[in-house]
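Let me begin by presenting the structure, written as structure tokens, before commenting on it.
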Amino acid sequence: MPSILTRLNDFKDGISSVNFSPIEKDHLLIGSWDNGLKLVKAAEEQRCLQSYTLSSPILTSGYLNATAAFAGSLDGLVYLVDISSGTHLVIGKHGKGVSCTAAIQGSECFMTGSWDQSFQLWDPRQRVAIDKKHVEKKVLAASSALNLLVLGCTERENLVYDIRNLKLPFQRRPSTFKYMTRDVCCISGEGFVSSSIEGRTSIEYLNPSPEWQTKNFTFKCHRQIQKQHDIVYPVNALTFHPVHQTLATAGGDGSVAFWDIQVRKRLRVLYPSKTSISSVAYNFDGSLLSVATCAQDEANGSVYIYALENDFAMPKRSA
1 MPSILTRLND FKDGISSVNF SPIEKDHLLI GSWDNGLKLV KAAEEQRCLQ SYTLSSPILT
61 SGYLNATAAF AGSLDGLVYL VDISSGTHLV IGKHGKGVSC TAAIQGSECF MTGSWDQSFQ
121 LWDPRQRVAI DKKHVEKKVL AASSALNLLV LGCTERENLV YDIRNLKLPF QRRPSTFKYM
181 TRDVCCISGE GFVSSSIEGR TSIEYLNPSP EWQTKNFTFK CHRQIQKQHD IVYPVNALTF
241 HPVHQTLATA GGDGSVAFWD IQVRKRLRVL YPSKTSISSV AYNFDGSLLS VATCAQDEAN
301 GSVYIYALEN DFAMPKRSA
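This is the structure:
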């Protein structure tokens, strides 16, 4: 099993998001419910590189590139962070909380989704929203890869856009879940994974051909048997290993499970916490894994950094 390299626990509330730098191996951006946004060096000699106290809890954050980051807050504000200068500014807002963000691959833009039933596309160079779409449902989660943008929305609907033409979604896919979507994550440009509060994860490919649609499947995860009862936990976060392309799911049961979706098998499970896990991320080469937790009872959130071997989360398929 991998070893815990370090644990970051200097927080006054739960953690909402963790993201590694695209070029600095151990630089980690952390957004939290204590209104804080931190850039830390997450090696053994851990230290805080930059720290910001914003106007309200941070619900989502991410890297745009090596020198810029973004964040969205509970009061609807959208922030741009200049990592080089250590400064930040508000570049716009939503009518309600910013629930999700995603960098748009191959561009200098990022998107924000909100409970105000809209998503916006931002160009930091202009410091303004360059597009805004009303989707008639609260946006709960978002992911982008290549030209694909996927939104997980309320009322059990997933919206799939071509980023080159945001006028209308090119697919509206009903959720396979009975209950609310918790996260979505693109499978390159081929499809997406979604997870729910009901302890389920779904794999969906966009190619409408029967050959591709037979690859779609949904599976149960993050469940425990206690006193002969099935205890179901939300699947809060999803991410893919940057090298092996295996899936990681993080749940309210305090575990992270690793899956080979090509053969529909679980590879292994980590149990870093007794509290709910809110966010999980690999660094760019898959050598580090960050796992963030929510606040629970008297405990505030923490971030665990694991050092991984090269074969961690590698598919175990017979030749």
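Just so you know, the UniProt record's numbering puts 153 at position 153 of the sequence shown, and the rest follows in order with no gaps.
Quick reminder that beta carbons are idealized off the backbone N, C-alpha and C, glycines included.
If only complete runs of 4 or more residues are kept, the stretch 168–222 shows the alpha helix (DSSP H) at 210–213, in order along the chain. By the Cβ-count criterion, Ala129 is buried, with 16 or more other Cβ atoms from all chains shown falling within 10 Å of its own Cβ.
The stretch 160–173 makes no contact with the stretch 209–227, as fewer than three CB pairs between them are under 8 Å. Secondary structure at Ala43: coil, using DSSP grouped into helix, strand and coil. Counted as a single uninterrupted DSSP element, the beta strand (DSSP E) harbouring Ala68 occupies residues Ala68 to Ser73. DSSP, read as helix, strand or coil, puts Cys153 in strand. For the set Thr154, Arg125 and Glu190, the Cα lying nearest the Cα of Phe177 is the one of Thr154. The C-alpha of Gly152 is placed about 6 Å away from the C-alpha of Val184.
The secondary-structure analysis by DSSP pairs Leu238 across a beta bridge with Thr249.
Take Ile15, set aside five residues on each side of it, and the residues of its chain with a beta-carbon closer than 8 Å to its own are Ile30, Gly31, Ser32, Trp33, Ser278, Ser279, Ala292, Thr293, Cys294, Gly301, Ser302 and Val303, in chain order. Per DSSP, Ile261 has no beta bridge partner at all. Non-local beta-carbon contacts of Gln224 in its own chain, meaning distances under 7 Å to residues more than five positions away in sequence, involve Ile231 and Asp253 in chain order.
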